[in-house]
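Structure record follows, encoded as structure tokens.
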Amino acid sequence: MGIYVEIPIHASMDELWEKTQNPQLHQRWDLRFTQIEYLPREDEEPHRFLYRTRIGFGLKIDGQGESIGERDGEDGARTSSLKFWSEDPKSLIKTGSGYWKYVPDGKKPWPGEDARHPTIRFFTWYDYEARFGTLGKLIDRFLFRPLLGWATAWSFDRLRLWIEKGITPEASRDRAIAYALARGTMAFIWFYHGLVPKLLYQDRIELDLLSRITPPDFLRTAATFAGVLEVCFAFLLILLWRQTWPLWVTIVLMLAGIPIVALTAPEYLHAAFNPVTLNISLAVFAGIALVVRRDLATAASCLRKPKENS
Numbered sequence: 000m001g002i003y004v005e006i007p008i009h010a011s012m013d014e015l016w017e018k019t020q021n022p023q024l025h026q027r028w029d030l031r032f033t034q035i036e037y038l039p040r041e042d043e044e045p046h047r048f049l050y051r052t053r054i055g056f057g058l059k060i061d062g063q064g065e066s067i068g069e070r071d072g073e074d075g076a077r078t079s080s081l082k083f084w085s086e087d088p089k090s091l092i093k094t095g096s097g098y099w100k101y102v103p104d105g106k107k108p109w110p111g112e113d114a115r116h117p118t119i120r121f122f123t124w125y126d127y128e129a130r131f132g133t134l135g136k137l138i139d140r141f142l143f144r145p146l147l148g149w150a151t152a153w154s155f156d157r158l159r160l161w162i163e164k165g166i167t168p169e170a171s172r173d174r175a176i177a178y179a180l181a182r183g184t185m186a187f188i189w190f191y192h193g194l195v196p197k198l199l200y201q202d203r204i205e206l207d208l209l210s211r212i213t214p215p216d217f218l219r220t221a222a223t224f225a226g227v228l229e230v231c232f233a234f235l236l237i238l239l240w241r242q243t244w245p246l247w248v249t250i251v252l253m254l255a256g257i258p259i260v261a262l263t264a265p266e267y268l269h270a271a272f273n274p275v276t277l278n279i280s281l282a283v284f285a286g287i288a289l290v291v292r293r294d295l296a297t298a299a300s301c302l303r304k305p306k307e308n309s
């Protein structure tokens, strides 16, 4: 079961070819590689290259590859085939092969799209043999291969943004990190405030705040219900990663909550840990996520299965 990724890109063939075949440019947008270095060769020899991927904690994985063929079609399409392997004992990939293909679509751009260049269907397919026997195959099937497919698709969209909109790969990386930090922090705050002071301990301050707007007989039930809602909302922020409505809901609730507390429990506004700083912080995180999500690279922009007529 190989990995297939396809994305349409408005680009000239020469520019797309250069950004994918030049190792200095390729390593900037492809999340799978930290460094790519072509080795010297004679004219008739295939391109050979070394690649390195840093996996964190000071660890890296090294491998080698070889371009085994380039072909231009009569319809203007181009194909680049390669094989790759790694003798690094840390590498799950033992040996593999695949191709990149560049096919002019011939479709006219939609209104608002860049009319200077045609659409090129840029797609890849590759497969490999995993190390470490049965255990390696299980890790590959259920963890590594899905992650590698996602990384390929995300990288293809990062390449598209670079070519179509001039957003550098480094800027796309920084936007993705900022978005993940903002949205992840929001989810953590919602989850923590739903679970700890409402469901696990039913903190006296939480109960006191709720008592200002809740009948006494339903106070603990209301705290439990509010805690469940907040925990569920935290999961929605993660599961609906690209949806904006949870961000807008957060902003509205947080900003509306400040005057409500000011009217019903003003003594909490000057406490060391108070609703003003918490609510404003959450609203700002939501605002940051809304700003940086524009033109955010996403693996969802890619097809993961070939078209039937391909």
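One point on numbering: in numbering that gives the first Met the number 0, the residue at position 187 of the sequence shown is 186, and numbering is uninterrupted. Just so you know, even glycine gets a beta-carbon here, dropped at the ideal spot from N, CA and C.
Within 8 Å, strictly: CB atoms of residue i and residue j
i, j, result
"Leu15", "Ser154", "no"
"Ala129", "Lys89", "no"
"Leu81", "Gly97", "yes"
"Leu295", "Arg174", "yes"
"Glu5", "Cys301", "yes"
"Ile212", "Thr263", "yes"
"Leu146", "Arg182", "no"
"Lys306", "Ile162", "no"
"Pro45", "Ile67", "yes"
"Asp104", "Pro7", "yes"
When the options are compared against residue i, the one with the closest alpha-carbon
i, options, result
"Leu208", "Lys304, Gln20, Ile259", "Ile259"
"Arg219", "Leu238, Met0, Met185, Pro196", "Pro196"
"Arg47", "Ser11, Trp84, Glu17, Asp71", "Trp84"
"Pro274", "Met253, Ala150, Ile212, Ala299", "Met253"
"Arg157", "Pro168, Gly148, Ala150", "Pro168"
"Ala221", "Ile237, Leu268, Gln201, Cys231", "Gln201"
"Met12", "Ala261, Gln242, Gly72, Gly286", "Gly72"
"Arg314", "Glu44, Arg40, Thr243, Glu69", "This structure leaves residue 314 out entirely; the chain is present only between 0 and 309."
"Arg303", "Trp240, Ala150, Phe272", "Ala150"
"Ile250", "Ser280, Thr223, Gly135", "Ser280"
"Arg120", "Thr133, Gly148, Val102", "Val102"
"Leu49", "Leu58, Pro39, Phe56", "Pro39"
In DSSP terms, what residue i is bridged to
i, result
"Phe48", "Tyr37, Gly64"
"His25", "Note: His25 sits in no beta bridge, so no partner."
"Tyr98", "Ser80, Trp124"
"Gly55", "Leu58"
"Tyr3", "Trp124"
"Glu69", "Ser79"
"His9", "Thr118"
"Leu302", "Glu5"
"Ile92", "Ala129"
"Pro103", "Ile119"
Own chain, CB closer than 8 Å to residue i, minus 5 neighbours either side, in chain order
i, result
"Phe143", "Leu91, Ala129"
"Gly1", "Gly97, Trp124, Tyr125, Asp126"
"Gly256", "Pro274, Asn278"
"Ala282", "Thr249, Ile250, Met253, Leu254"
"Ala261", "Leu268"
Other residues of its chain near residue i: CB distance less than 6 Å, five sequence neighbours each side excluded
i, result
"Ala233", "Ala186, Trp189, Phe190"
"Ala288", "Tyr178, Ala181, Arg182, Leu246"
"Lys100", "Thr78, Phe122"
"Glu69", "Ser79"
Whole-number beta carbon distance between residue j and residue i, since they are thought to touch under 8 Å
i, j, result
"Gly226", "Leu198", "4 Å"
"Pro22", "Tyr3", "So it is not a contact: roughly 23 Å between Cβ atoms."
"His25", "Thr118", "At roughly 21 Å, the Cβ-Cβ gap does not stay under 8 Å, so His25 and Thr118 are not in contact."
"Ser20", "Ser79", "The residue you asked about is not Ser; residue 20 is Gln in the sequence shown. Their Cβ separation, rounded to whole angstroms, is 7 Å, which keeps Gln20 and Ser79 in contact under 8 Å."
"Ala152", "Ala271", "Wrong, their Cβ atoms sit about 46 Å apart, outside the cutoff."
"Thr184", "Phe284", "6 Å"
Residues near residue i by beta carbon distance below 7 Å, same chain, minus five either side
i, result
"Ser171", "Arg157, Leu160, Ala296"
"His192", "Glu229"
"Leu239", "Pro245"
"Ala76", "Lys100, Tyr101, Val102, Pro103"
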